Amino acid sequence: MKWIVLILVILFILVVAVSVYAANFFLNVALFRDNNWYDKMGHKMMNPDNFNKGQSQYDLTEEQQNQQGDIFWQTKFAQDHWLETDGEKLYSRLIVPHPESKKWVICVHGYRSYGQRDMAYVASQFSNQHYNILIPDLRAHGKSTGNVIGMGWLDRLDLLKWIQEVVKIEPHAEIILFGGSMGAATVMMTSGEELPVSIKGLVVDCGYSSVYDEFGAMLRSAFKLPAFPILTIANIMAKKKVGYSLKEASSVAQLAKNDLPTLFIHGTGDKFVPHQMLYDNMEATNGVKESLIVEKAPHLSSFIYEPEHYFDTVFEFIHRYC
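Adding 2 to a residue's 1-based position in the sequence shown gives its number in the working numbering.
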């Protein structure tokens, strides 16, 4: 009997030790810019569709969109715009093709990406609708400084400052917040803060319901590990390591305080952010809400799979409610 108890104690200690190691490793990989394991292995594990490119119609469409976006990014009415805050220097691209227009959009990119990669083509489509555009690189991403990745939670405070930058440029601006992936989470998390009247509506594409839920999904799908107890330990460790807990970084909790019209978009082929999270986010918000589900579209690829339907839906929603 004593041997059985001893073996159980040893097994318990081993499970705890392995879980603590796994939690620490996962946080370092997920939440610090200077950890290059993500670039070497993690990205392919977490979002394999990005590495299965070929010559399908969708790959060709994506290439054409990227080329169009890159041209738009370099247009003569675009310039770099910087914001210094909390000891960091944050970058954005300010594009003002319609200086007489009061319509503005702030486009927010995804996890470990940057504004030009994710949002240049989207910005070009908004320009066609006579919008001026601000596209930030979130801290610890792109040209912005910083090492801790905010997963939308820390970034919501920076987005509030970017909103004020737009209002300084155009005091009567009517602003749409558009985000994809972590950018969508940033927009949703910002929606629970006190926003100026200039914010008219939100468009969020494949955003997660909370960092805790998203990391749980990644542990199960990419790492083939159970969320418990690893994520429980990681949640405790995160507060000390990065200044926020994984549970408090919640789109759902912030959307519960949101009254703005919100369009939720997700592709059913998303392997990075489970598309079922759209329903949790949509249920949480108090504002007018609609959804666009794109069948088989991978992560942040709905506007590649159905570009006309996608942007027709976006602008019809904005024109109707915002």
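For glycine and all other residues, C-beta sits at the position ideal for the given N, C-alpha and C.
Computed from a predicted structure; not experimentally measured.
In this structure, the straight-line span from the alpha carbon of valine 213 to that of alanine 186 is close to 12 Å.
Valine 206 is not a Cβ neighbour of isoleucine 295, given a cutoff of 8 Å.
Distance between glutamine 76 and tyrosine 312, taken at the CA atoms: about 24 Å. DSSP places threonine 264 outside any alpha helix (DSSP H); the residue lies instead in the beta strand (DSSP E), whose first and last residues are 264-269. Residues Pro231, Ile232, Ile235 of the same chain have their beta carbon placed closer than 8 Å to that of serine 21, with the five preceding and five following residues left out of the count.
Restricting attention to alpha helix (DSSP H) runs no shorter than 4 residues, the region 140-167 encloses none. Here lysine 104 has Glu172, His174, Ala175, Glu176 as same chain residues with Cβ atoms under 7 Å from its own Cβ, once five neighbours each way along the sequence are excluded. Look at arginine 322 here: in three-state DSSP terms it is helix. Note: asparagine 134 is bridge-paired with Trp106 in the DSSP secondary-structure output. Rounded to whole angstroms, the gap between the alpha carbons of histidine 143 and leucine 136 is 16 Å. Collapsing the DSSP output to three states places aspartate 314 in a helix. In this structure, DSSP gives leucine 248 a state outside helix and strand, which the three-state scheme calls coil. If the five residues before and after valine 199 are omitted, its C-beta is found closer than 7 Å to no C-beta atom of its own chain. With respect to valine 168, valine 110 sits apart: the two C-beta atoms are not nearer than 8 Å.
If you look at aspartate 82, you'll find it in the beta strand (DSSP E) that goes 80-87.
Here the C-alpha atom of glutamate 90 lies approximately 16 Å from the C-alpha atom of tryptophan 155.
The beta-carbon separation of leucine 204 and leucine 179, rounded to 5 Å, stays under the 8 Å limit for a contact. DSSP places lysine 91 in the strand class (E or B) of the three-state scheme.
Taking each of Asn134, Asn68, Tyr116 in turn and checking the Cα distance to leucine 96, the smallest one comes out for Asn134. Glutamate 65 sits in a helix when the DSSP states are folded into three classes. Taking a 10 Å sphere around the C-beta of lysine 291, we find 16 or more other C-beta atoms and assign the residue as buried. Residue burial annotation: threonine 87 is exposed, with fewer than 16 other C-beta atoms found within 10 angstroms of its C-beta.
For serine 126, the enclosing alpha helix (DSSP H) has its first and last residue at 117-129. For leucine 294, the enclosing beta strand (DSSP E) stretches over residues 291-296. For alanine 122 and glycine 71, the gap between their C-alpha atoms comes out near 4 Å.
In the DSSP annotation of this structure, the continuous segment of the alpha helix (DSSP H) that includes leucine 280 starts and ends at 279-286.
Going by DSSP, leucine 257 is part of the alpha helix (DSSP H) stretching over 253-257.
Under the three-state reduction of DSSP output, valine 206 falls in the strand class. By the C-beta density criterion, tryptophan 84 is exposed, having fewer than 16 other C-beta atoms within 10 angstroms. If you draw a 10 Å sphere on the C-beta of glutamine 127, you find 16 or more other C-beta atoms in it, and that means buried.
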